[in-house]
Amino acid sequence: MNYQYDIVVIGGGPAGYAAAIRAGQLKKRVLCVEKEDLGGTCLNWGCIPTKALLESGAFIRRLREHPAEWGVSFDNLSIDFSAIIGRSRDIAGKLSKGIAHLFSKYGVKHERGTATVLAAGKIRLVSSAGAQDITAKDILIATGARARALPGIDFDGDRIISSREAMSLKQQPKHLAIIGAGAIGCEFSDFYNALGTKVTLIEMLDHILPIEDEDCSIVLERSFAKRGIDVHTRTRTQQVEKTGTGVKLTVSNSRGVQTIEADKVLLAVGVTGNIQGLFGLDLTIELVKNHIKVDASYQTSVRGIWAAGDVIGPPWLAHVAHHEAVACVEHICGVHAETIDYANVPGCTYTHPQVASVGLTERKCREDNRDIKIGKFPFAASGRALAAGQTEGFTKLIFDAKTGALLGAHMIGENVTEMLAGLVVARKLETTEDQIIEAMHPHPTMSEAIMEAAGVAFGRAIHL
Ligand code: FAD
Numbered sequence: 003m004n005y006q007y008d009i010v011v012i013g014g015g016p017a018g019y020a021a022a023i024r025a026g027q028l029k030k031r032v033l034c035v036e037k038e039d040l041g042g043t044c045l046n047w048g049c050i051p052t053k054a055l056l057e058s059g060a061f062i063r064r065l066r067e068h069p070a071e072w073g074v075s076f077d078n079l080s081i082d083f084s085a086i087i088g089r090s091r092d093i094a095g096k097l098s099k100g101i102a103h104l105f106s107k108y109g110v111k112h113e114r115g116t117a118t119v120l121a122a123g124k125i126r127l128v129s130s131a132g133a134q135d136i137t138a139k140d141i142l143i144a145t146g147a148r149a150r151a152l153p154g155i156d157f158d159g160d161r162i163i164s165s166r167e168a169m170s171l172k173q174q175p176k177h178l179a180i181i182g183a184g185a186i187g188c189e190f191s192d193f194y195n196a197l198g199t200k201v202t203l204i205e206m207l208d209h210i211l212p213i214e215d216e217d218c219s220i221v222l223e224r225s226f227a228k229r230g231i232d233v234h235t236r237t238r239t240q241q242v243e244k245t246g247t248g249v250k251l252t253v254s255n256s257r258g259v260q261t262i263e264a265d266k267v268l269l270a271v272g273v274t275g276n277i278q279g280l281f282g283l284d285l286t287i288e289l290v291k292n293h294i295k296v297d298a299s300y301q302t303s304v305r306g307i308w309a310a311g312d313v314i315g316p317p318w319l320a321h322v323a324h325h326e327a328v329a330c331v332e333h334i335c336g337v338h339a340e341t342i343d344y345a346n347v348p349g350c351t352y353t354h355p356q357v358a359s360v361g362l363t364e365r366k367c368r369e370d371n372r373d374i375k376i377g378k379f380p381f382a383a384s385g386r387a388l389a390a391g392q393t394e395g396f397t398k399l400i401f402d403a404k405t406g407a408l409l410g411a412h413m414i415g416e417n418v419t420e421m422l423a424g425l426v427v428a429r430k431l432e433t434t435e436d437q438i439i440e441a442m443h444p445h446p447t448m449s450e451a452i453m454e455a456a457g458v459a460f461g462r463a464i465h466l
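Last residue of the sequence shown: 466 (our numbering), numbering continuous.
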């Protein structure tokens, strides 16, 4: 059959655009169909705009907290909420345009419109120009995921909102309730608290950031509480009612039932795959819990139809989406494809302090009865952290006691997300404690805490 394209990619997020660019590099005739702006959730409504907001929040907090200590004084600090939102939206817009530039550099064709997969080799594109069927030898679905509501509590875009609305509000809420204390819930708590909004954060599980090492979650909980964020863990949301001007939440925990009144409630309880309306009536693709099921090369249950990124399920992270999609295209093209090690996926939360981790938590090691050595180095003992006035937190490394292999790394502190890549490489290279201790770490940097934490684990730390 004479196909119009070698590969059609549906979705222009970190999975879709990376796949399309890689296919272009491999000299394939490739089309990327995206119904909104290029860049997907990550660039437009996720990773990047939230980090822009968090930087504004951190800047304001730094000015507010102990300015005299820094030799600064001022009479009045006023905040322009719409300028903060505007800066974040501008940054998202710039990056989206950058993807279009990369597409033209690598010969990727782009259509704005909504795609439906009709069969292997055929999609229907509906755009402002009308509907057309397009053929391609391979189809890669990278349609991502969207915020999930709670049973009986649906989004209304005004008072019961998702992260999309939370990052583009016209007016700063006085009181924001947030349900779900994963990375997204914690980041919005951090941002709105810095601006002076009263924040109530509700989490059903034992700790905020429940998938992180407990030690990091506890430090962040304390830090949030100190700053006035009202954190309710082990608390279930039973009901959300709209009132005359806001919302009333009914929550319950071991202390009983309580009501919380707020202007708005942000639901940050997870995502669900974008598969609605994606398949023609004659096509059946195997799904798992609202996500597309794939094999190790990212092929779906139908030959020639592939899927990668958030639409295939957790971990829902931009860097995972990117690596899966590139590996998928390499499988399609028959070149050497990356094997993704899901045990070595970095996780970052950009609160203040930040949380960054890779590998096993202490709890998981104990559950698996592993013989481990743990080294923890507090930033309070780091000269660089003291100079920066950012001594909260620590670096915690977990090693196999016999082999010295690095099993897990967990950090909480200023800018620790920037320190994490080194530890991901260390795990990829199966580095041991000796190699970490003997690798010269630059002074003075926060990253010296990595070398010192390895030293603490094996009784070789110099500064503790
Ligand atoms: P998406 O980025 O969602 O892209 C899918 C694209 O497909 C969308 O643009 C959509 O419009 C398009 N599409 C869907 N259906 C169709 C169709 N039928 N036809 C045409 N186009 C279609 N991850 C991190 O790693 N770090 C972070 O700091 C981080 N922060 C986040 C903050 C927030 C508030 C949110 C919501 C998410 C965050 N994430 C973060 C997650 C990250 O954004 C996602 O993991 C990532 O965007 C997934 O990439 P993707 O390409 O699979 O899907």
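Just so it is clear, CB atoms sit at the ideal spot from N, CA and C, and this is done for glycine as well.
According to DSSP, residues forming a beta bridge with residue i
i    : result
W308 : L142 and Q301
R126 : T118 and D135
K378 : K398
F281 : V119
A179 : T202 and V267
M413 : A358 and T397
S254 : R238 and V259
G48  : G48 is not bridged to any residue.
V290 : H293
E432 : Bridge partners of E432: none, in fact.
T2   : Here the chain comprises residues numbered 3 to 466, so residue 2 is not present and cannot be evaluated.
R148 : T274
D232 : T202
Cβ-based neighbour list, residue i, same chain, cut-off 6 Å, excluding 5 preceding and 5 following
i    : result
P51  : S90, A94 and M169
A22  : V11, V32, C34 and V110
V238 : Reading off the sequence, residue 238 comes out as Arg, not Val. Once the five neighbours on either side are set aside, the close Cβ partners of R238 are M206 and S254.
F105 : H112
F157 : A151 and S164
E243 : K250
R386 : P446, T447 and M448
V267 : I162, A179, V242 and V249
Beta carbon of residue i nearer than 8 Å to that of residue j
i    : j    : result
T274 : R148 : yes
T353 : D208 : no
A320 : M421 : no
A17  : A102 : no
A179 : L127 : no
G248 : D232 : no
N346 : G361 : yes
G395 : G415 : yes
V271 : I181 : yes
I439 : A451 : no
K172 : K200 : no
L56  : E223 : no
T245 : I210 : no
A298 : D312 : no
S508 : L40  : For residue 508 there is no data in the structure shown, the boundaries of the chain being 3 and 466.
G132 : N276 : no
A60  : A196 : yes
I342 : D140 : no
S477 : M448 : With the chain running from 3 to 466 in the structure shown, residue 477 is simply not present.
T116 : K124 : no
V337 : L28  : yes
Same chain, Cβ closer than 7 Å to residue i, neighbours up to 5 away in sequence not counted
i    : result
A459 : K375, I376, G377, L399, F401 and E435
A407 : F401, E432 and T434
K462 : The sequence given here has Arg at residue 462, not Lys. Correct list, in chain order: I439.
G159 : E167
I186 : S165 and A270
P317 : V347
G42  : G13, G14, G15, P16, G18 and G146
Same chain, Cβ closer than 8 Å to residue i, neighbours up to 5 away in sequence not counted
i    : result
R24  : A327, V328, V331 and E332
V296 : T302, W308, A309, A310 and I314
S69  : In the sequence under discussion, the amino acid at residue 69 is Pro, which differs from the Ser named in the question. The answer, listed in chain order, is S75 and F76.
R305 : A122
L388 : A382
D1   : Here the chain has residues from 3 to 466 only, and residue 1 is not among them.
I464 : E454 and G457
A85  : none
E71  : G391
Residue i: CB within 7 Å of a non-hydrogen atom of ligand 3
i    : result
H321 : This structure lacks ligand 3; the ligands present are ligand 1.
C-beta neighbour in chain B for residue i, strict 8 Å
i   : result
A25 : Looking for chain B here will not work: only one protein chain is present.
Contact between the stretch 110-129 and the stretch 265-285: three or more CB pairs below 8 Å? yes
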